[in-house]
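Engineer: Residue 133 in UniProt numbering sits at position 133 of the sequence shown, and the numbers go up by one each step.
Here a beta-carbon is modelled for each residue, glycine too, at the ideal position from N, C-alpha and C.
Keep in mind it's a predicted model, so treat the numbers as computed, not measured.
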Amino acid sequence: MPTHASVISAEIIDMSTPTPAVAVDQSLLYPSPYKEFWQAFSKNKGAVAGLLFMILIVFCALFAPWVAPHDPSEQYRDFLLTPPVWLEGGQWQFILGTDELGRDLLSRLIQGSRLSLLIGLASVVMSLIPGILLGLLAGFFPRVLGPSVMRLMDIMLALPSLLLAVAIVAILGPGLINTVIAIAIVSLPSYVRLTRAAVMGELNRDYVTAARLAGATLPRLMFITVLPNCMAPLIVQATLSFSSAILDAAALGFLGLGVQPPTPEWGTMLASARDYIERAWWVVSLPGLTILLSVLAINLMGDGLRDALDPKLKNAA
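(1) Can you give the Cα-Cα distance for residue 371 and Leu-51, rounded to whole angstroms?
(2) Could you pull out every residue in the same chain whose Cβ sits closer than 7 Å to the Cβ of Pro-69, ignoring the five residues on either side in sequence?
(3) Give the single residue among Gly-173, Lys-43, Trp-282 whose Cα lies nearest to the Cα of Leu-87.
(4) At which residue ranges does the region 99-161 contain complete alpha helix (DSSP H) runs of 4 or more residues, listed in the order of the chain?
(5) Return the residue from the list Ala-49, Gln-75, Pro-83, Pro-72 that minimises the CA-CA distance to Ile-277.
(6) Is the beta carbon of Val-192 closer than 9 Å to that of Val-149?
(7) Could you tell me the distance, in whole angstroms, from the CA atom of Phe-94 to the CA atom of Ala-251?
(8) Using the three-state DSSP reduction, which class does Val-24 fall into: helix, strand or coil?
(9) The alpha helix (DSSP H) spanning Leu-305 covers which residue range?
(10) Rounding to the nearest angstrom, what Cα-Cα distance links Ile-57 and Ser-113 in this structure?
(11) What is the DSSP secondary structure of Gln-91, reduced to helix, strand or coil?
(12) Closest to Ala-197 by C-alpha separation, out of Leu-152, Ile-155, Leu-137, Leu-159, would be which residue?
(13) Given this structure, state the Cα-to-Cα distance separating Met-222 from Leu-152, to the nearest angstrom.
(14) Express the C-alpha separation of Ser-32 and Val-24 in angstroms, rounding to a whole number.
(15) Quick one: using the 10 Å Cβ neighbour count with 16 as the cut-off for buried, is Phe-242 buried or exposed?
(16) Within 10 Å of its beta-carbon, does Ala-158 have 16 or more other beta-carbons around it, so buried, or fewer, so exposed?
(17) If you measure between the beta carbons of Val-259 and Leu-121, is that distance less than 9 Å?
(18) Secondary structure at Gly-46, three-state DSSP: helix, strand or coil?
(19) Does the separation of the CB atoms of Leu-109 and Pro-228 fall below 9 Å?
(20) Of all the options Ile-171, Gly-175, Ile-298, which has the alpha carbon lying nearest to the alpha carbon of Gln-237?
(21) On the DSSP letters alone, give me the boundaries of the alpha helix (DSSP H) that Ser-241 sits inside.
(22) Who are the near neighbours of Leu-309 in its chain, counting only those whose CB is closer than 6 Å to its CB and skipping five residues on each side?
(23) Give every residue of the same chain whose Cβ lies closer than 6 Å to the Cβ of Met-156, excluding the five residues on either side of it in the sequence, and list them in chain order.
(24) Can you tell me whether DSSP reads Arg-279 as helix, strand or coil?
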């Protein structure tokens with residue numbers, strides 16, 4: 001029978017035995033920035049739906065020669081204005097029907113996605129880079145360069161963007177390259193104003209003061225210290241400008257100032273088919289629906305990016 005002293009000694013021995021440490025997954029305590037971003041982005045179901053739709057569009061654009069069932073320029077004279085397959089008289093050979101020249105509508109929509117994405121991407125890049133540079137200069141030199149740069153941007157914003165784009169294309173001439181240039185010019189003020197506002201808000205922060213005291217040069221302050229902390233709103237703006245570029249390109253094409261036929265571009269397809277809307281609604285409705293869904297998907301993605309990248313919205317959620 002154990003004595004009282006032996007029981008106490010056993011308890012002391014048990015207490016002195018080190019308790020094994022419980023392993024804690026550090027990724028749960030400190031998630032990676034990409035995982036944290038995806039968690040915030042995926043909470044917005046509309047943004048996820050827009051992302052999936054844009055993945056489909058990008059896939060069709062990248063692999064258009066293999067995805068498209070027909071040559072977008074080939075004319076099937078025996079199948080003029082053939083309706084889509086779900087309507088009476090439709091052919092499985094032409095799932096979405098044909099246009100007034102017998103060209104497969106699905107193939108032209110797929111090929112047109114390449115041009116629309118190209119115009120959107122090129123115009124965003126051509127306006128984002130100079131917009132950031134002008135915004136940085138206006139923010140770092142508010143008395144010397146700020147007033148002149150911002151007055152120029154205000155003058156550009158005083159005109160409707162589409163009207164200004166039409167005027168620029170009318171001067172330069174219609175075509176793909178001139179369309180990209182015009183859309184890039186009308187998108188420039190938004191990047192300049194946004195960059196300047198973000199820079200002005202960052203210049204008084206402690207880390208900028210510390211960098212100046214450490215002897216950082218002006219280019220290092222602009223591009224290494226301040227600019228990375230201003231990128232979140234610029235990324236959101238670039239996404240929204242991408243959808244605006246697609247819409248403006250379609251509008252210019254519809255007016256006959258953008259990409260010229262027979263190149264398959266969504267706005268040009270609308271313009272060439274508007275005379276047949278009463279007896280062949282699909283030649284107008286399907287390109288218009290494609291433009292609508294693409295712009296809507298990109299805008300939904302922009303909302304999701306804003307929710308994921310804006311700390312104020314993130315904390316409020």
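Structural biologist: In short, the structure shows the following:
(1) Nothing about residue 371 can be read from this structure; the chain reaches only from 1 to 317.
(2) Position 69 of the sequence shown, counting from 1, holds the residue named residue 69. Excluding residues within five positions, the ones whose Cβ falls inside 7 Å are Asp-104, Leu-106, Ser-107.
(3) Position 87 of the sequence shown, counted from the start, is the residue given in the question as residue 87. Ranking the options by Cα distance to Leu-87, first place goes to Trp-282.
(4) Runs found: 105-140, 146-158.
(5) Mapped onto the sequence shown, residue 277 falls at position 277. It is Pro-83 whose Cα lies nearest to the Cα of Ile-277.
(6) For this step, residue 149 is matched to residue 149 along the sequence shown. For this step, residue 192 is matched to residue 192 along the sequence shown. A contact, by the Cβ cut-off of 9 Å.
(7) Stepping through the sequence shown from its first residue, residue 94 is reached at position 94. Stepping through the sequence shown from its first residue, residue 251 is reached at position 251. Distance between the alpha carbons of Phe-94 and Ala-251: 27 Å.
(8) Numbered from its first residue, the sequence shown carries residue 24 at position 24. The predicted position of Val-24 is uncertain, since its pLDDT is 49 and thus under 50; no value can be drawn from it.
(9) Working through the sequence shown from its first residue, we reach residue 305 at position 305. Per DSSP, Leu-305 belongs to the alpha helix (DSSP H) from 282-309.
(10) Taking the first residue of the sequence shown as 1, we reach residue 57 at position 57. Taking the first residue of the sequence shown as 1, we reach residue 113 at position 113. Cα to Cα, the separation comes out at about 7 Å.
(11) Translated into positions along the sequence shown, residue 91 becomes position 91. Of the three classes helix, strand and coil, the one that applies to Gln-91 here is strand, per DSSP.
(12) Locating residue 197 in the sequence shown gives position 197, counting from the first residue. Per the Cα distances, Leu-137.
(13) In the sequence shown, counting from the first residue as 1, residue 222 sits at position 222. In the sequence shown, counting from the first residue as 1, residue 152 sits at position 152. Distance from the CA atom of Met-222 to the CA atom of Leu-152, rounded to whole angstroms, is 22 Å.
(14) To locate residue 24, count along the sequence shown from 1; it is residue 24. To locate residue 32, count along the sequence shown from 1; it is residue 32. Annotation note: pLDDT 49 at Val-24 (below 50); position unreliable, coordinate value reported separately. A direct Cα-Cα distance of roughly 16 Å separates Val-24 from Ser-32.
(15) Working through the sequence shown from its first residue, we reach residue 242 at position 242. For Phe-242, the number of other beta carbons within 10 angstroms of its own is at least 16, and it is reported as buried.
(16) Here residue 158 refers to the residue found at position 158 when the sequence shown is read from its first residue. The residue is exposed, with fewer than 16 neighbouring Cβ atoms inside 10 Å.
(17) On the sequence shown, position 259 is the one that residue 259 refers to. On the sequence shown, position 121 is the one that residue 121 refers to. The Cβ atoms of Val-259 and Leu-121 lie no closer than 9 Å to each other.
(18) Mapped onto the sequence shown, residue 46 falls at position 46. Residue state, collapsed to three classes: helix.
(19) What you label residue 109 is simply residue 109 of the sequence shown in a count that begins at 1. What you label residue 228 is simply residue 228 of the sequence shown in a count that begins at 1. For Leu-109 and Pro-228, no; Cβs fall outside 9 Å.
(20) Your numbering for residue 237 matches position 237 in the sequence shown. With distances taken between Cα atoms, Gln-237 lies closest to Ile-298.
(21) The residue given as residue 241 occupies position 241 in the sequence shown. Element bounds for Ser-241: 231-254.
(22) On the sequence shown, residue 309 is found 309 positions in, with the first residue counted as 1. Closer than 6 Å at the Cβ level, and outside the excluded window around Leu-309, lie Ala-232.
(23) Counting from 1 along the sequence shown, the entry for residue 156 is found at position 156. Excluding residues within five positions, the ones whose Cβ falls inside 6 Å are Pro-189.
(24) For this step, residue 279 is matched to residue 279 along the sequence shown. Judged by DSSP in its simplified three-state form, Arg-279 adopts coil rather than helix or strand.
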